[in-house]
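What follows is a short report on a single structure.
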Amino acid sequence: MGDIANQMALSLILKIKDKIKYKYIARKQKGTESMKILVINAGSSSLKYQLINMDSHEVMAKGLCERIGIEGSNLQHTNVAHDEKTVIEKPMKDHGDAIAMVIDALVDEKIGVIKSMDEIGAVGHRVVHGAEEFADSCMVTDAVMKALEKCTPLAPLHNPPNIIGIEACKKIMPDTPMVGVFDTAFHQTMPAKAFMYALPYECYEKDRIRKYGFHGTSHKYVSQKAAEVLGKNKEDLKIVTCHLGNGSSISAVDGGKCVDTSMGFTPLDGVPMGTRTGSMDPAVVTYLINKGMSAKDVDNLMNKKSGVQGVSGVSSDFRDLSAAAKDGNERARLALDMFTYQVKKYIGSYAAAMGGIDAVVFTAGVGENDAATRAAIVDGLDFMGIKIDEAKNAARGTVDISAADAAVKTLVIPTNEELMIAIDTQRLVEG
Numbered sequence: 000m001g002d003i004a005n006q007m008a009l010s011l012i013l014k015i016k017d018k019i020k021y022k023y024i025a026r027k028q029k030g031t032e033s034m035k036i037l038v039i040n041a042g043s044s045s046l047k048y049q050l051i052n053m054d055s056h057e058v059m060a061k062g063l064c065e066r067i068g069i070e071g072s073n074l075q076h077t078n079v080a081h082d083e084k085t086v087i088e089k090p091m092k093d094h095g096d097a098i099a100m101v102i103d104a105l106v107d108e109k110i111g112v113i114k115s116m117d118e119i120g121a122v123g124h125r126v127v128h129g130a131e132e133f134a135d136s137c138m139v140t141d142a143v144m145k146a147l148e149k150c151t152p153l154a155p156l157h158n159p160p161n162i163i164g165i166e167a168c169k170k171i172m173p174d175t176p177m178v179g180v181f182d183t184a185f186h187q188t189m190p191a192k193a194f195m196y197a198l199p200y201e202c203y204e205k206d207r208i209r210k211y212g213f214h215g216t217s218h219k220y221v222s223q224k225a226a227e228v229l230g231k232n233k234e235d236l237k238i239v240t241c242h243l244g245n246g247s248s249i250s251a252v253d254g255g256k257c258v259d260t261s262m263g264f265t266p267l268d269g270v271p272m273g274t275r276t277g278s279m280d281p282a283v284v285t286y287l288i289n290k291g292m293s294a295k296d297v298d299n300l301m302n303k304k305s306g307v308q309g310v311s312g313v314s315s316d317f318r319d320l321s322a323a324a325k326d327g328n329e330r331a332r333l334a335l336d337m338f339t340y341q342v343k344k345y346i347g348s349y350a351a352a353m354g355g356i357d358a359v360v361f362t363a364g365v366g367e368n369d370a371a372t373r374a375a376i377v378d379g380l381d382f383m384g385i386k387i388d389e390a391k392n393a394a395r396g397t398v399d400i401s402a403a404d405a406a407v408k409t410l411v412i413p414t415n416e417e418l419m420i421a422i423d424t425q426r427l428v429e430g
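If you want it as structure tokens, here you go:
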């Protein structure tokens, strides 16, 4: 960023830390010393949020602003403690209006959970792409915002609304520290042999083409949680984390650090997903273009019409596929088999890359809830010491589903990306 930018960033961070210090003292004097962090995930026309009490890690309130800048915009707010959901229909011309409505809901006497905005100690923002600029979460400064703009060409659909969400919060809450938490940051520990593509080196230097990986916040959370469940230090473990859902990615985590991951330059790479192809011969793209399809049409085909939906012709929802397969639909069965086969291959290859494996972790919608898919993935991996107990595999929540004689642990751990964002935010703002 340059020496001047670094000095500016450092100066602003020190000022923010002073503000946090005084806010903390004020809260303590009032007997409300627990930090509350607002987690924001801004989309192009939507904004998800959670307010988390960092003493207990409990969600106090959560909600969704929909149709921002579109007719029919509304806020769906839930007071978690009272299990009360309120829908407020009100025009939101931009994300600034949405943030203002969120704050109003949080402090409202009837549906709110805090007395004033001052109780919010910090805001953690999910940012999809941090490229090589960000290898960790960071305090948001002017220099950071400029760096985020630099990353926009790599995620043109996601980063702009993320930036808009940060700017909106800064405007409404100018004295509240902001932290950016990046989907790509956890994967920045990959060695060059894992993240480079065998293209001319200039493609990396000039166009920044390389493997970045995604779902990093989820992989980070479940790998750390796995160490807790196993009662071991993360530095002593070799773990393969399987984030399986409509979007899926597998990561190799060695000593708490990512050394490889299945998604690449974009989230299209890796295993077949709900509507995405996963890895395939790149010449298929040029073949389809030479057949008359436009680049835009091929991109739409690979991202929105392929995956298990494209193969099955049934659905992108694994529950629908399982039901269809049970009814004898061969294409649905093929789609499921393709998916589990590719995940199985990644587990084996990552065990080889790390020189061993201590645990496999399943997470996200399919990973957490689909016992049959988990069983199919690990079937045949007993030669590696991976075996599961059928009865344990039927359980829900955080559970060790390993067979009694398994040499490698197999865990199911529900992901919690919002909590990971809040934990990173607290770590940074409290020093």
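Those letters in the sequence shown? Residues 0 to 430, by numbering that gives the first Met the number 0. Virtual Cβ for every residue (Gly too), placed ideally from N, Cα, C.
Close-in-space but distant-in-sequence residues of the same chain around residue i (CB under 7 Å, 5 per side omitted)
i: residue 52; result: 33, 35, 59
i: residue 194; result: 209, 210
i: residue 190; result: 258
i: residue 78; result: 60, 110, 112
i: residue 171; result: 95, 98, 99, 102
i: residue 320; result: 307, 311, 313, 314, 331, 334, 335
i: residue 276; result: 267, 301, 305, 306
Residue i (DSSP reduced to helix, strand or coil)
i: residue 336; result: helix
i: residue 106; result: helix
i: residue 379; result: coil
i: residue 20; result: With a pLDDT of 46 at residue 20, under the threshold of 50, the predicted position of this residue should be treated as unreliable, though the coordinate-derived value follows. In this structure, residue 20 counts as helix in the three-state DSSP scheme.
i: residue 123; result: strand
i: residue 178; result: strand
i: residue 193; result: helix
i: residue 141; result: helix
i: residue 85; result: strand
i: residue 317; result: helix
i: residue 112; result: coil
i: residue 401; result: strand
i: residue 79; result: coil
i: residue 420; result: helix
i: residue 100; result: helix
i: residue 427; result: helix
i: residue 374; result: helix
i: residue 131; result: coil
i: residue 153; result: helix
i: residue 59; result: strand
i: residue 346; result: helix
i: residue 46; result: strand
i: residue 393; result: coil
Cβ neighbours of residue i in the same chain (closer than 6 Å, five flanking residues each side left out)
i: residue 48; result: 39, 62, 101
i: residue 160; result: 41, 42, 43
i: residue 253; result: 237, 353
i: residue 272; result: 246, 247, 306
i: residue 187; result: 134
i: residue 362; result: 221, 242, 412, 414
i: residue 364; result: 244
i: residue 431; result: Any question about residue 431 goes unanswered here, given that the chain covers just 0 to 430.
i: residue 263; result: 210
i: residue 256; result: 188
Residues bridged to residue i [DSSP beta-bridge criterion]
i: residue 166; result: DSSP, once it has assigned bridges, lists no residue as partnering residue 166.
i: residue 183; result: Residue 183 is not bridged to any residue.
i: residue 67; result: In DSSP, residue 67 forms no bridge with anything.
i: residue 36; result: 51, 121
i: residue 431; result: For residue 431 there is no data in the structure shown, the boundaries of the chain being 0 and 430.
i: residue 73; result: 65, 88
i: residue 411; result: 361, 398
i: residue 385; result: 407
i: residue 41; result: 46
Spatial neighbours of residue i in its chain, beta-carbon cut-off 8 Å, leaving aside the 5 residues before and after
i: residue 180; result: 123, 124, 125, 126, 136, 216, 419, 420, 423, 424
i: residue 104; result: 60, 62, 74, 76, 85, 87, 110, 111
i: residue 404; result: 386
i: residue 374; result: 387, 389, 392
Residue-level contact to chain B via CB, residue i, 7 Å cutoff
i: residue 109; result: Protein chains in the displayed structure number just one, and chain B is not present.
Cβ-Cβ separation, residue j to residue i (assumed contact under 8 Å), whole Å
i: residue 344; j: residue 380; result: Actually they do not touch by this definition, with Cβ atoms about 11 Å apart.
i: residue 297; j: residue 284; result: 6 Å
i: residue 359; j: residue 398; result: Residue 359 to residue 398, Cβ: 13 Å. No contact.
i: residue 67; j: residue 46; result: 7 Å
i: residue 153; j: residue 184; result: Not confirmed; about 14 Å, so no contact.
i: residue 138; j: residue 178; result: 6 Å
i: residue 288; j: residue 282; result: Not a contact, Cβ separation roughly 10 Å.
Notebook entry, point to check: Going along the chain, which unbroken runs of the alpha helix (DSSP H) with 4 or more residues stay wholly within the stretch 270 to 310?
Noted result: The stretch 270 to 310 contains these whole alpha helix (DSSP H) runs: 282 to 289, 294 to 303.
- Item | Runs of alpha helix (DSSP H) lying entirely within the stretch 215 to 249, each at least 4 residues, in chain order | With a minimum length of 4 residues, the continuous alpha helix (DSSP H) runs that stay inside the stretch 215 to 249 are 215 to 229.
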